[in-house]
Amino acid sequence: MPVTVSSSRRTELASFLRSRRDRITPADVGMPPGLRRRTPGLRREEVALLSGIGVTWYTWLEQGRPINVSGRVLDAIADTLQLSGPERDHLYHLADVLIPGVATIAAGITPTVQAILDSISGFPAAALNSRWDVLGWNTPCAALWPRLTAPDSSRNVLWELFVTPECCRRFVNRDTGLPHMVASFRAAFGQHLDDPAWTELIRRLSAASPEFAQMWATHDVATPPSSVMTYRHAGIGELSFSLTTLDLTATPETRLTIWTPADDESKRRMDWLLANPDAPSVDHTH
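FYI, the numbering for the sequence shown is 29 to 314, going by the numbering used here.
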């Protein structure tokens, strides 16, 4: 018995395809620019031609109509739109998972994982799921981000970064770090389109943060970031960390993230903070 893609998945697929088509110029695919182009991106008929599929069929796909999708066609479209690895995976999640369902993610960690976190004593470490919920952390993590690990906190990294008042923000290189984080969040969302917990978080973030709403509207997808990030602490100044992420295969969609000081000064400041846990912080004034 044939199955169909859920309406929410079709809507997301349509938006994603349009956003990727808009960013590819004729020059990118070896075509002349032509005249009277209303958009710098490719036209639907051009994507269909380059992909070797019918114009009507591709138009229906981009309109979110309930049609069947084959792996061969998806490969051709992905090649034409020059999708990256994460973008290609995202396309497959949106189009190939035909039976509506909700993938599960972890809401907690095992005592073993917490013991691993506790054993990392010199720099921050935390267990995060694909929704960027903080499931567990060590003492350095709580010292550097007291708001994020407080009992009344949302304990969601995206909420902390986007909704925290500007006076209390700790993340310094927001321009480069936040778009990548949102892109990895969207990649994971492709497997949770029918999950109210995800859609409600997106709704709340979009309503509370125009910055998040703007990034979310780009439809960019990526893997979790693994670059250098800089944070500011009121008591000790700026600290730079190199991010390392390790998948916890025994726990669905969960990763161990470790922030290793990127330079000697950051290491010295982190050591000082751990030796002085009552150092002043912007957090206790708000």
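Where a beta carbon is used, it is the ideal one built from N, C-alpha and C, also for glycine.
Integer Cβ distance of residue i from residue j, believed to fall under 8 Å
{"i": "F199", "j": "F240", "result": "That pair is no contact at about 13 Å."}
{"i": "D248", "j": "A216", "result": "13 Å between Cβ atoms; not a contact."}
{"i": "L172", "j": "Y259", "result": "7 Å"}
{"i": "E188", "j": "L206", "result": "The Cβ separation is near 12 Å, so there is no contact."}
{"i": "Y86", "j": "R66", "result": "Actually they do not touch by this definition, with Cβ atoms about 18 Å apart."}
{"i": "L301", "j": "W287", "result": "Contact flag wrong, Cβ pair sits at about 13 Å."}
{"i": "P60", "j": "L70", "result": "Contact flag wrong, Cβ pair sits at about 12 Å."}
{"i": "L233", "j": "R159", "result": "In fact, because the Cβ distance is near 11 Å, the residues do not count as touching under 8 Å."}
Exposed unless 16 or more other CB atoms sit within 10 angstroms - verdict on residue i
{"i": "N157", "result": "buried"}
{"i": "T282", "result": "buried"}
{"i": "G383", "result": "Missing from the structure shown is residue 383; the chain here goes from 29 to 314 and no further."}
{"i": "G129", "result": "Confidence is the limiting factor: at G129 the pLDDT is only 39, short of 50, which leaves the residue's position unreliable, though a coordinate-based value still follows. Burial call: exposed."}
{"i": "R297", "result": "buried"}
{"i": "A106", "result": "buried"}
{"i": "I52", "result": "buried"}
{"i": "E194", "result": "exposed"}
{"i": "P305", "result": "exposed"}
{"i": "S35", "result": "exposed"}
{"i": "I127", "result": "Summary for I127: the model assigns pLDDT 32, below 50, so the residue's position carries little reliability, and this model does not support an answer."}
{"i": "R231", "result": "exposed"}
{"i": "G100", "result": "Correcting the residue identity first, residue 100 is Arg in this sequence and not Gly. By the 10 Å Cβ count, R100 comes out exposed."}
{"i": "A303", "result": "exposed"}
{"i": "R214", "result": "buried"}
Sub-7 Å separation of residue i and residue j beta-carbons
{"i": "R48", "j": "L109", "result": "yes"}
{"i": "T273", "j": "P252", "result": "yes"}
{"i": "I133", "j": "P280", "result": "yes"}
{"i": "L41", "j": "L122", "result": "yes"}
{"i": "L78", "j": "V57", "result": "yes"}
{"i": "L145", "j": "A153", "result": "yes"}
{"i": "S294", "j": "L267", "result": "yes"}
{"i": "A307", "j": "G263", "result": "yes"}
{"i": "D161", "j": "N184", "result": "yes"}
{"i": "L45", "j": "E90", "result": "yes"}
{"i": "A155", "j": "L284", "result": "yes"}
{"i": "A250", "j": "H220", "result": "no"}
{"i": "G92", "j": "T39", "result": "yes"}
{"i": "G82", "j": "A104", "result": "no"}
Alpha helix (DSSP H) segment containing residue i, residue limits
{"i": "T53", "result": "Note, T53: premise wrong, no alpha helix (DSSP H); not H, not E."}
{"i": "R232", "result": "224 to 236"}
{"i": "T272", "result": "Element bounds for T272: not the alpha helix (DSSP H) but the beta strand (DSSP E), 265 to 275."}
{"i": "M298", "result": "292 to 303"}
{"i": "R72", "result": "72 to 79"}
Range of the contiguous beta strand (DSSP E) that encloses residue i
{"i": "H208", "result": "H208 -> not in any beta strand (DSSP E); alpha helix (DSSP H) instead, spanning 202 to 217."}
{"i": "T282", "result": "282 to 289"}
{"i": "R260", "result": "256 to 261"}
If we require 4 or more residues per run, which alpha helix (DSSP H) segments fall completely within the segment 88 to 155? 99 to 108, 113 to 124, 139 to 147
In chain order, each beta strand (DSSP E) run of at least 3 residues that lies wholly inside the segment 161 to 208: 162 to 165
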